[in-house]
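Per numbering that gives the first Met the number 0, the very first residue in the sequence shown carries number 0; after that it's consecutive. Think of the CB as a built atom: it goes at the ideal place given N, C-alpha and C, for glycine as much as any other residue.
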Amino acid sequence: MKIREIEAKSILRKYRKIDSWFLSGYGMNLYRGCTHNCVYCDGRAEGYYVEGEFGHDVTVKINAIDILKRELDPNRKRVPLKSCFILLGGGVGDSYQPTEKKYLLSRKTLELLNNFNLPVHVLTKSTLIERDMDILKSINDKNRVIISFSFSSADDKTSVLFEPGVPVPTKRLETLVKFKKQGFACGMFLMPVIPYVTDKPEIIEQAVKAAVEAGIDFIIFGGMTLKQGRQKDYFMNVLRGNYPQLAAGYDHIYTENQWGEASREYYHSINQTFFTITQAYGIPVRIPQKLYNDMLNENDRIIVLLEHIDYLLKMKGEKSYYGYAAYSVSKVREPLSTIREKLDTLKGVGPGIKKVILEILDTGRSAYFEKLSACKN
Ligand code: SF4
Numbered sequence: 000m001k002i003r004e005i006e007a008k009s010i011l012r013k014y015r016k017i018d019s020w021f022l023s024g025y026g027m028n029l030y031r032g033c034t035h036n037c038v039y040c041d042g043r044a045e046g047y048y049v050e051g052e053f054g055h056d057v058t059v060k061i062n063a064i065d066i067l068k069r070e071l072d073p074n075r076k077r078v079p080l081k082s083c084f085i086l087l088g089g090g091v092g093d094s095y096q097p098t099e100k101k102y103l104l105s106r107k108t109l110e111l112l113n114n115f116n117l118p119v120h121v122l123t124k125s126t127l128i129e130r131d132m133d134i135l136k137s138i139n140d141k142n143r144v145i146i147s148f149s150f151s152s153a154d155d156k157t158s159v160l161f162e163p164g165v166p167v168p169t170k171r172l173e174t175l176v177k178f179k180k181q182g183f184a185c186g187m188f189l190m191p192v193i194p195y196v197t198d199k200p201e202i203i204e205q206a207v208k209a210a211v212e213a214g215i216d217f218i219i220f221g222g223m224t225l226k227q228g229r230q231k232d233y234f235m236n237v238l239r240g241n242y243p244q245l246a247a248g249y250d251h252i253y254t255e256n257q258w259g260e261a262s263r264e265y266y267h268s269i270n271q272t273f274f275t276i277t278q279a280y281g282i283p284v285r286i287p288q289k290l291y292n293d294m295l296n297e298n299d300r301i302i303v304l305l306e307h308i309d310y311l312l313k314m315k316g317e318k319s320y321y322g323y324a325a326y327s328v329s330k331v332r333e334p335l336s337t338i339r340e341k342l343d344t345l346k347g348v349g350p351g352i353k354k355v356i357l358e359i360l361d362t363g364r365s366a367y368f369e370k371l372s373a374c375k376n
């Protein structure tokens with residue numbers, strides 16, 4: 000393992016539009032590279048330009064906290080940060096990978112967020128996050144925190160093979176239960192499920208059941224991408240070594256799409272499996288509205304709800320223009336309440352979607368969304 004220390008020029012990344020999966024408008028990568036070394040990790044793909052040998056080498060942005068202090072300080076900003084969760088996690092390196100024990104960048108980032116009174120959504124696969132329960136609790140008491148863990152399944156044996164550097168799912172779930180007991184909102188990101196290995200209905204149901212039993216607030220689901228080059232070569236090598244009979248099926252679903260996506264039919268089929276199971280268990284498949292409704296500005300609240308409706312309609316096999324409408328709304332600079340009469344000039348906003356937007360503007364809620372999600376959240 001090689002550690003490379005670098006000085007970064009900036010840390011906080013502002014998204015072009017609110018991310019309705021994480022409810023975040025800002026994210027950051029404190030580390031590049033990840034010794035968790037998940038076999039499917041797309042951080043290995045050439046397009047991310049992660050230096051060194053992925054899974055072994057890590058680049059540490061040693062000046063991250065000084066820079067973040069400047070980037071987060073409201074007194075130093077011409078335009079204030081918008082109100083939403085700041086995402087700590089994701090990207091090309093887990094914020095709680097072992098290197099964090101020495102460098103403490105995630106802990107110090109949380110201290111800054113706590114000082115500046117900012118909400119945070121943490122996504123990790125590591126139980127090391129328990130170390131920072133104290134600061135997270137302080138943020139959660141004053142503001143809001145979501146703790147999410149990602150899983151490719153709830154099966155410990157499969158995890159040992161595909162996620163060799165992280166605690167097994169049973170341990171991750173135990174950590175989530177500890178956070179739940181302390182009053183945190185918690186999520187499961189069941190992604191990526193591994194084709195023909197963890198995408199079977201009984202394996203998906205095992206994960207959903209475990210999440211429900213742990214009292215988790217929502218599950219977000221996604222399939223795997225496999226980009227040509229280092230990511231695909233590495234993954235297929237491990238797959239062939241352990242499940243040689245499954246390799247041919249991958250040629251069938253991964254047909255060299257430039258983003259490494261599997262076929263639409265495949266994603267549709269696993270999404271349907273997941274959706275049917277979660278409907279039966281009654282667990283939300285998007286972050287519940289009660290966790291963000293009072294936090295977002297009106298345009299962002301509308302974007303999120305339109306995208307959530309879009310997702311639910313597609314899961315139900317229906318055609319939807321809600322995603323397109325959400326994209327149009329994301330281009331509008333003024334508050335939507337100031338252009339109420341002109342809403343139908345936005346691309347993708349027909350009379351039905353306009354009515355939904357007006358209802359959200361007037362009440363903060365959407366009866367249509369609540370009906371679709373079949374749970375009042
Ligand atoms: S924990 Fe996340 S970033 Fe790290 S190797 Fe696994 S998938 Fe990649």
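No residue range can be given for Arg-43, since it is assigned to no beta strand (DSSP E) and is classified by DSSP as neither H nor E. Judged by DSSP secondary structure, Leu-189 falls within the beta strand (DSSP E) whose first and last residues are 184 to 192. Note on the region 201 to 244: whole beta strand (DSSP E) runs with a minimum of 3 residues are 217 to 222, in chain order.
The beta carbon of Gly-42 sits closer than 7 angstroms to at least one heavy atom of ligand 1. By the Cβ test, the region 325 to 332 is not in contact with the region 33 to 41, since fewer than three Cβ pairs between them sit closer than 8 angstroms.
In the structure shown, Tyr-195 falls within a coil segment according to DSSP collapsed to helix, strand and coil.
In its chain, beyond the 5 residues on either side, Arg-3, Arg-31, Gly-32, Asp-56, Thr-58 have a beta carbon closer than 8 angstroms to the beta carbon of Glu-50.
For Met-0, the number of other beta carbons within 10 angstroms of its own is below 16, and it is reported as exposed.
Annotation: Phe-273 to Phe-220 spans about 7 angstroms, alpha carbon to alpha carbon. Per DSSP, Glu-260 lies in no alpha helix (DSSP H) segment and is marked neither H nor E. Closest in alpha carbon position to Ser-147, among Leu-117, Asp-93, Arg-75, Lys-100, is Asp-93. Under the DSSP assignment, Gly-351 falls in the alpha helix (DSSP H) whose first and last residues are 350 to 362.
No Cβ-Cβ contact shorter than 8 angstroms links Gly-248 with Gln-227. Setting aside the 5 residues that flank it on each side, Tyr-280 is surrounded in the same chain by Val-207, Val-211, each with a C-beta closer than 6 angstroms to its C-beta; the list follows chain order. About 11 angstroms separates the beta carbons of Ile-193 and Phe-150, which is beyond the 8 angstroms limit, so they are not a contact pair. Cβ-Cβ distances below 7 angstroms link Asn-28 to Gly-90, Val-91, Gly-92 in the same chain, with the five nearest sequence neighbours on each side left out; the list follows chain order.
The shortest CA-to-CA distance from Leu-360 to any of Tyr-47, Asn-298, Leu-111, Tyr-323 is the one to Asn-298. Remark: the C-beta of Lys-124 is in contact range of ligand 1, defined as less than 7 angstroms to any heavy atom. Counting every other CB atom within 10 Å of its CB across the protein chains shown gives Lys-60 a total of 16 or more, marking it as buried. Not one heavy atom of ligand 1 falls within 7 angstroms of the beta-carbon of Gln-278.
The Cβ atoms of Ile-269 and Gly-222 lie closer than 8 angstroms to each other. Residue environment: Asp-131 is assigned as buried (16 or more neighbouring CB atoms within 10 Å of its CB, all protein chains considered). Taking 7 angstroms as the cut-off, the C-beta of His-35 counts as close to a heavy atom of ligand 1. With fewer than 16 other Cβ atoms inside 10 Å of its own Cβ, Gln-181 counts as exposed. Rounded to whole angstroms, the Cβ separation of Met-314 and Ser-82 is 29 angstroms, and the two are not in contact under 8 angstroms. Boundaries around Arg-3 are those of the beta strand (DSSP E), 2 to 5, since no alpha helix (DSSP H) includes it. Under a 10 Å Cβ-count criterion, Glu-99 is classified as buried, with 16 or more other Cβ atoms of the shown protein chains found around its own Cβ.
In the three-state scheme derived from DSSP, where H, G and I count as helix and E and B as strand, Met-132 is classed as helix. With fewer than 16 other beta carbons inside 10 angstroms of its own, Ala-366 counts as exposed.
Residue environment for Tyr-48: exposed (fewer than 16 other C-beta atoms within 10 angstroms of its C-beta). Relative to the Cα of Ile-308, the nearest Cα in the group Asp-154, Ala-7, Gly-322 belongs to Gly-322. Residue side-chain check: Val-165 places its Cβ nearer than 7 angstroms to a non-hydrogen atom of ligand 1.
Rounded to the nearest whole angstrom, the C-alpha separation of Asn-296 and Leu-371 is 23 angstroms. Glu-162 has its Cβ nearer than 7 angstroms to a heavy atom of ligand 1. Every alpha helix (DSSP H) stretch that sits fully inside the region 274 to 316 and reaches 4 residues is listed by chain position as 297 to 314.
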